[in-house]
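Visitor: Submitted below is the structure of interest, expressed as structure tokens.
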Amino acid sequence: GQQVMQIPQYQHVQEGEDFTTYCNSSTTLSNIQWYKQRPGGHPVFLIQLVKSGEVKKQKRLTFQFGEAKKNSSLHITATQTTDVGTYFCAGDGGSEKLVFGKGTKLTVNP
Amino acid sequence: DGGITQSPKYLFRKEGQNVTLSCEQNLNHDAMYWYRQDPGQGLRLIYYSQIVNDFQKGDIAEGYSVSREKKESFPLTVTSAQKNPTAFYLCASSIRDNTDTQYFGPGTRLTVL
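Going down the list, the sequences are from chains A and B.
The numbering of the first sequence is this note's numbering, which starts it at 1 and goes up by one.
The numbering of the second sequence is this note's numbering, which starts it at 1001 and goes up by one.
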């Protein structure tokens, strides 16, 4: 079945450093979604990418969808302690189900 | 994330007992989902429903059952056949299908003693 791989599993940074998480799918995706889960909380939708090569920005967050629509990345510039949490990508691959990556857990040292 | 409620937040049960987790949404969404989250495992789909009176198995449906008698409600029963039921259970809904944004409830943490 479809697999969505996400790396790294954990990332620890100093406040002010940049952070990137990568997502790779075994199949071509029609769209990819990104979610953030704060410690003790539930996943919250961040963004959806649909077009090949699409780049979207939300303040310090930059989301990218690969040309082949099989990979994506989330980059955070100058991390802050409020960025702490686990970031998940999720893709559909044309099936009825949304498949989530295992997430990247980000910790930020102030 | 408002509009989806799960209760209770914490639930304790003895081994061998069935337990039902509730999920209610007032977003008028057609689709609803149940996920299980274990440390380091991400979100794994248990069951999903795209319309009332219809639901489909996800990747880890064994030991679970659901019903969708009303659009607003999608309860999940964890049966005694589920070998390792202790986990964090998340319910979600979306407008129509999996291409839409999913809105998650606050989750229920089930501990089986």
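C-beta atoms are modelled at their ideal positions from N, C-alpha and C, and glycine is treated no differently.
Please read all numbers here as calculations on a predicted model, not as lab measurements.
#1: Answer yes or no: does any C-beta atom of chain A fall closer than 8 Å to that of B:Asp1097?
#2: Can you grab the Cα-Cα spacing for the pair B:Asn1026 / B:Thr1099, in whole Å?
#3: Taking Cβ positions only, does B:Pro1075 come closer than 8 Å to chain A?
#4: Is A:Asp83 helix, strand or coil when you go by DSSP?
#5: Can you tell me whether DSSP reads A:Gly53 as helix, strand or coil?
#6: Compare the C-alpha of B:Gly1107 against each of B:Gln1017, B:Lys1014 and B:Glu1024 and name the closest.
#7: Helix, strand or coil: how does DSSP classify A:Lys69 here?
#8: For A:Phe19, which three-state DSSP category applies?
#9: To be precise: take each residue of the segment 54 to 65 of chain A, compare its Cβ to all Cβ atoms of chain B, and keep it if any distance is under 7 Å. Which residues remain?
#10: How long is the line joining the alpha carbons of A:Lys57 and A:Phe63, rounded to whole angstroms?
#11: Quick check on A:Gln80: buried or exposed, where buried means 16 or more other Cβ atoms within 10 Å of its Cβ?
#12: Using beta carbons (cut-off 8 Å, strictly below), is A:His42 in contact with chain B?
#13: Can you tell me which of the three DSSP states A:Gly91 falls into?
#14: Return helix, strand or coil for B:Leu1110, following the three-state DSSP convention.
#15: Please identify the residue among B:Phe1104, B:Gln1082, B:Ser1094 and B:Ser1073 whose C-alpha is closest to the C-alpha of B:Asn1022.
#16: Of all the options B:Ala1092, B:Thr1077, B:Ile1051 and B:Gln1017, which has the alpha carbon lying nearest to the alpha carbon of B:Glu1062?
#17: From which residue to which residue does the beta strand (DSSP E) around B:Ala1031 run?
#18: Flag this pair as touching only if the segment 1085 to 1098 of chain B and the segment 21 to 30 of chain A have three or more C-beta atom pairs under 8 Å; answer yes or no.
#19: Between B:Leu1011 and B:Lys1071, what straight-line distance do the alpha-carbon atoms span, to the nearest angstrom?
Guide: Let's see:
#1: The count along the second sequence starts at 1 and reaches residue 1097 of chain B at position 97. Answer yes: the Cβ-Cβ gap between B:Asp1097 and chain A drops below 8 Å somewhere.
#2: Within the second sequence, numbered from 1, the residue matching residue 1026 of chain B stands at position 26. Within the second sequence, numbered from 1, the residue matching residue 1099 of chain B stands at position 99. Approximately 20 Å, taken between the alpha carbons.
#3: Within the second sequence, the letter at position 75 stands for residue 1075 of chain B. No, B:Pro1075 lies away from the interface with chain A (no Cβ there is under 8 Å from its Cβ).
#4: Against the first sequence, residue 83 of chain A aligns to sequence position 83. In this structure, A:Asp83 counts as helix in the three-state DSSP scheme.
#5: As a working mapping, residue 53 of chain A is identified with position 53 in the first sequence. Coil, per DSSP.
#6: Here residue 1107 of chain B corresponds to residue number 107 of the second sequence, with the count starting at 1. If we check each option's Cα against that of B:Gly1107, B:Glu1024 comes out closest.
#7: As a working mapping, residue 69 of chain A is identified with position 69 in the first sequence. Under the three-state reduction of DSSP, A:Lys69 is assigned to coil, being neither helix nor strand.
#8: Translated into the one-based positions of the first sequence, residue 19 of chain A becomes position 19. Three-state result, A:Phe19: strand.
#9: If the cut-off is 7 Å between Cβ atoms, the segment 54 to 65 of chain A has nothing near chain B.
#10: In the first sequence, counting from the first residue as 1, residue 57 of chain A sits at position 57. In the first sequence, counting from the first residue as 1, residue 63 of chain A sits at position 63. Approximately 6 Å, taken between the alpha carbons.
#11: By 1-based counting over the first sequence, the position of residue 80 of chain A is 80. Around the C-beta of A:Gln80, fewer than 16 other C-beta atoms lie within 10 Å, and the residue is accordingly described as exposed.
#12: As a first step, residue 42 of chain A is located in the first sequence; it is residue number 42 there, counting from the start. A:His42 counts as touching chain B.
#13: By one-based count along the first sequence, residue 91 of chain A stands at place 91. Note: A:Gly91 maps to strand in three-state DSSP.
#14: Translated into positions along the second sequence, residue 1110 of chain B becomes position 110. In this structure, B:Leu1110 counts as strand in the three-state DSSP scheme.
#15: Looking up residue 1022 of chain B in the second sequence gives position 22. The question names Asn, yet the displayed sequence has Ser at residue 1022 of chain B. It is B:Ser1073.
#16: Translated into positions along the second sequence, residue 1062 of chain B becomes position 62. Checking every option, the nearest Cα to that of B:Glu1062 belongs to B:Thr1077.
#17: Residue numbering aside, residue 1031 of chain B sits at position 31 when the second sequence is read from its first letter. That run of the beta strand (DSSP E) goes Ala1031 to Asp1038.
#18: Put simply, the segment 1085 to 1098 of chain B does not touch the segment 21 to 30 of chain A. Fewer than three CB pairs are less than 8 Å apart.
#19: As a first step, residue 1011 of chain B is located in the second sequence; it is residue number 11 there, counting from the start. As a first step, residue 1071 of chain B is located in the second sequence; it is residue number 71 there, counting from the start. In this structure, the alpha-carbon of B:Leu1011 lies about 25 Å from that of B:Lys1071.
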